[in-house]
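Novice:
There are 2 protein chains.
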Amino acid sequence: MKQIDVCLTPELLHLHTVENTIVVVADVFRATSCMVTAFAYGVNSIIPVATIEECRDWQERGYLAAAERNAQRVDGFELDNSPFTYMDEQIRGANVAMTTTNGTLAITKSRSAVKVLVGSFLNLDAIARFLQSERYDVMVLCAGWKGRVNMEDTLFAGALVDRLKDSYAMAEDSAIMSWRLYCQGKDNLPSYLANSSHIRRLQRLGIQKDITYCLQHDLYDVVPVLRGNALVSMQV
Amino acid sequence: MKQIDVCLTPELLHLHTVENTIVVVADVFRATSCMVTAFAYGVNSIIPVATIEECRDWQERGYLAAAERNAQRVDGFELDNSPFTYMDEQIRGANVAMTTTNGTLAITKSRSAVKVLVGSFLNLDAIARFLQSERYDVMVLCAGWKGRVNMEDTLFAGALVDRLKDSYAMAEDSAIMSWRLYCQGKDNLPSYLANSSHIRRLQRLGIQKDITYCLQHDLYDVVPVLRGNALVSMQV
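Same order as they appear, the protein sequences are chains A and B. Mapped onto my numbering, the consecutive letters of the first sequence carry residue numbers 712 to 947. Mapped onto my numbering, the consecutive letters of the second sequence carry residue numbers 712 to 947.
#1: Counting pairs of beta carbons, one from the segment 930-942 of chain B and one from the segment 834-843 of chain B, are three or more of them closer than 8 Å?
#2: Whole angstroms is fine: what's the gap from A/W769's alpha carbon to A/L866's?
#3: At 3 residues or longer, and completely inside the segment 798-851 of chain B: list those beta strand (DSSP E) runs for me, N to C.
#4: Between B/A880 and the rest of its own chain, which residues show a CB-CB distance below 6 Å, the 5 nearest in sequence each way excluded?
#5: Checking contacts by CB at 8 Å: is A/S908 closer than that to chain B?
#6: Near B/Q927, which residues of its chain fall below 7 Å by C-beta distance, leaving aside the five closest residues on each side in sequence?
#7: Going by DSSP, name the residue or residues bridged to B/W856.
#8: Which two residues bound the contiguous alpha helix (DSSP H) that contains B/Y879?
#9: Quick one: using the 10 Å Cβ neighbour count with 16 as the cut-off for buried, is A/T923 buried or exposed?
#10: Would A/E863 be called buried (16 or more neighbouring beta carbons within 10 Å of its own) or exposed?
#11: Cβ of A/P794 within 8 Å of Cβ of A/T732?
#12: Kindly indicate which residue of A/A761, A/A882 and A/N906 has the alpha-carbon position closest to the one of A/A817.
#13: Any contact between the segment 770-781 of chain B and the segment 797-810 of chain B? By contact I mean 3 or more CB pairs, one from each, below 8 Å.
#14: Report the rounded CA-to-CA distance for B/L828 versus A/V936, giving the unit in angstroms.
#15: Taking Cβ positions only, does A/G804 come closer than 8 Å to chain B?
#16: Which one of B/R891, B/N781, B/T810 and B/D791 has the shortest CA to CA distance from B/R915?
#17: Assuming B/V735 contacts B/G830 under a Cβ cut-off of 8 Å, what Cβ separation, rounded to an integer in Å, is found between them?
#18: Can you name the residues of chain D whose CB is closer than 7 Å to the CB of A/N781?
#19: Of all the residues that make up the segment 850-861 of chain A, which are near chain B by a beta-carbon distance shorter than 7 Å?
#20: Sort A/L904, A/L871, A/F740 and A/L913 by Cα distance to A/T815 and report the nearest one.
#21: Return yes when the Cβ of A/T743 is within less than 8 Å of the Cβ of A/R859, no when it is not.
#22: Label A/E764 either buried or exposed according to how many other C-beta atoms from any shown protein chain fall within 10 Å of its C-beta, with 16 as the threshold for buried.
#23: So is A/A854 buried or exposed if we call it buried at 16+ other beta carbons inside 10 Å?
#24: Can you tell me where the beta strand (DSSP E) holding B/D738 begins and where it ends?
#25: State yes or no: is the beta carbon of B/T819 nearer than 8 Å to at least one beta carbon in chain A?
#26: Counting only C-beta atoms, is B/T865 closer than 8 Å to chain A at any point?
#27: Restricting to Cα atoms, I'd like to know which of A/N899, A/L852 and A/V943 is closest to A/L726.
#28: According to a CB-to-CB cut-off of less than 7 Å, which residues of the segment 873-895 of chain B neighbour chain A?
#29: Could you list which residues in chain B have their beta carbon closer than 9 Å to that of A/L913, in chain order?
#30: Assuming B/D768 is part of the alpha helix (DSSP H), what are its boundary residues?
#31: Would B/C894 and B/D921 qualify as a contact pair, given that the criterion is a beta-carbon distance under 8 Å?
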């Protein structure tokens, strides 16, 4: 039986096996939800970069650019870190460079995997169906918050475990814990997450609309995958 | 309001604040449950050491010694890593040196805290009452399994959050997650833990009796605390 493992934060990645594994990176609020939305609206590619300077370099070469630090937009870039920014005609066929506090680092840290996919509640079903058709073990890498675990990415991991549980064994306690939390909260995720630290952080920034949007399941049939240094959309 | 934080594994300790904090170390299966049992049976002190060699050094100086690796007893030492070993007359007034796979390292890593306490379900109420009388924030350090998170220590953290929740704010998502898991499982912890990785590991070793014992709440009124290099019993 294939296995599904959950790494609760990139700080624990060295304890998990990435080789011979398909990694699904989740940064639900909001990096991977933005990426999935962008692909649903026809973006050509997204290059995840580590620094704001690199982002600026790509911008000078004609890329659209998005930079976020501490949940806030960095000035001088076209795109916001809100998924609604990506629902725009300028996105279609564009190449984007993106740097975020947690999500882009999690993606670049997973490079040695068989494949690196971008997951969110928005494309949960598409991810699950794609994985079912593959023969590899799966690891969900939760982006967390500055190295710490967070609730929303753990819940996404639990949601994917839930979708795959008939054909994948849960590798370790982190997978079981994520799954149990998701089962407890799934009937009302917005309320279940209401006390979480990142929700409080985002609510201070006044973006309740983004939160509600990012918690919707199965909105888009896209599976972004890392090819070289860029994410592209895989057809499923 | 005081805060309660949960560090899910010693690998994440650098992201948490130990200074000005009381740390409660939990290695429920079975190091801290053994320690609490030993103090309930009158041990004088327990020195947690990192290596089997150090353990042997203390043994040569007249200490009773206990060494565990990979959930199994190491030959040549008086004490087992089962809590039942410590329910013995030879324990009364004795000084013990102990090394375990996860628990003793977690204790020594927390040295810079205001106080380092040893927690388990067996002394949950004693720990909670002691903390209520103190003015410091609390951090539960789950010993985990070789750096990974585990279910049983996370559940202990959640149990302590549950006991303290009226007078302590939950610091971050790890505290909320632990508490939610405990609330979900508390009515039948043995069954809730039945699929966890360490339970499976221990059951292969045939020690169901230890598991059942270690999950009992509030059996002993002892609070082991680190003084210098040794744990001693604090009266509460």
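For each residue, glycine too, the CB sits at the ideal point set by N, CA and C. Bear in mind the structure is a predicted one, so any value in this text is a computation, not a measurement.
Specialist: Judging by the given coordinates:
#1: Three or more Cβ pairs closer than 8 Å define a contact, and the segment 930-942 of chain B meets that threshold against the segment 834-843 of chain B.
#2: One-based indexing of the first sequence puts residue 769 of chain A at position 58. One-based indexing of the first sequence puts residue 866 of chain A at position 155. Approximately 33 Å, taken between the alpha carbons.
#3: 806-810 and 826-830
#4: As a first step, residue 880 of chain B must be located in the second sequence, where it is residue number 169. Same-chain partners within the cutoff: M712 and Q714.
#5: In the first sequence, counting from the first residue as 1, residue 908 of chain A sits at position 197. It does: the Cβ of A/S908 has a partner Cβ on chain B nearer than 8 Å.
#6: Residue mapping note: residue 927 of chain B aligns to position 216 of the second sequence, counting from 1. F832 and L833.
#7: Taking the first residue of the second sequence as 1, we reach residue 856 of chain B at position 145. The partner list for B/W856 (beta bridge, DSSP) reads B/R859.
#8: Sequence index remark: in the second sequence, residue 879 of chain B carries index 168 (1-based). That residue, B/Y879, is in no alpha helix (DSSP H); its beta strand (DSSP E) goes Y879 to M881.
#9: Indexing the first sequence from 1 puts residue 923 of chain A at position 212. So A/T923 counts as exposed.
#10: Taking the first residue of the first sequence as position 1, residue 863 of chain A is located at position 152. Result: buried.
#11: By one-based count along the first sequence, residue 794 of chain A stands at place 83. By one-based count along the first sequence, residue 732 of chain A stands at place 21. Contact: no.
#12: Numbered from its first residue, the first sequence carries residue 817 of chain A at position 106. The residue with the shortest Cα to Cα distance from A/A817 is A/A761.
#13: yes
#14: For the purposes of this step, residue 828 of chain B is taken as the residue at position 117 of the second sequence. For the purposes of this step, residue 936 of chain A is taken as the residue at position 225 of the first sequence. Going by the C-alpha atoms only, they are around 46 Å apart.
#15: As a working mapping, residue 804 of chain A is identified with position 93 in the first sequence. Residue-level contact by beta carbon fails for A/G804 and chain B, as no gap is shorter than 8 Å.
#16: To locate residue 915 of chain B, count along the second sequence from 1; it is residue 204. Among B/R891, B/N781, B/T810 and B/D791, the Cα nearest to that of B/R915 is on B/N781.
#17: Translated into the one-based positions of the second sequence, residue 735 of chain B becomes position 24. Translated into the one-based positions of the second sequence, residue 830 of chain B becomes position 119. At roughly 4 Å, the Cβ-Cβ gap stays under 8 Å, so B/V735 and B/G830 are in contact.
#18: Among the protein chains in the structure shown, which are A and B, there is no chain D.
#19: Cβ contacts with chain B come from G858, R859, V860 and N861.
#20: For the purposes of this step, residue 815 of chain A is identified with residue 104 of the first sequence, where counting begins at 1. The shortest Cα separation from A/T815 among A/L904, A/L871, A/F740 and A/L913 belongs to A/F740.
#21: Here the question's residue 859 of chain A lines up with position 148 in the first sequence. Here the question's residue 743 of chain A lines up with position 32 in the first sequence. The answer is no: Cβ separation not under 8 Å.
#22: As a working mapping, residue 764 of chain A is identified with position 53 in the first sequence. Exposed.
#23: Indexing the first sequence from 1 puts residue 854 of chain A at position 143. Flag for A/A854 reads buried.
#24: The residue given as residue 738 of chain B occupies position 27 in the second sequence. Where B/D738 is concerned, there is no enclosing beta strand (DSSP E), given that its DSSP letter is neither H nor E.
#25: As a first step, residue 819 of chain B must be located in the second sequence, where it is residue number 108. So, not an interface residue.
#26: For the purposes of this step, residue 865 of chain B is taken as residue 154 along the second sequence, with counting starting at 1. Closer than 8 Å: yes.
#27: For the purposes of this step, residue 726 of chain A is taken as residue 15 along the first sequence, with counting starting at 1. For the residues A/N899, A/L852 and A/V943, the minimum Cα distance to A/L726 belongs to A/L852.
#28: E883, D884, S885, I887, M888, R891, L892 and Q895
#29: As a first step, residue 913 of chain A must be located in the first sequence, where it is residue number 202. At a beta-carbon threshold of 9 Å, none of the residues of chain B lie near A/L913; the nearest stands roughly 13 Å away.
#30: Along the second sequence, read from residue 1 onward, the residue named residue 768 of chain B stands at position 57. Unbroken alpha helix (DSSP H) run through B/D768: I763 to E771.
#31: Within the second sequence, numbered from 1, the residue matching residue 894 of chain B stands at position 183. Within the second sequence, numbered from 1, the residue matching residue 921 of chain B stands at position 210. The answer is no: Cβ separation not under 8 Å.
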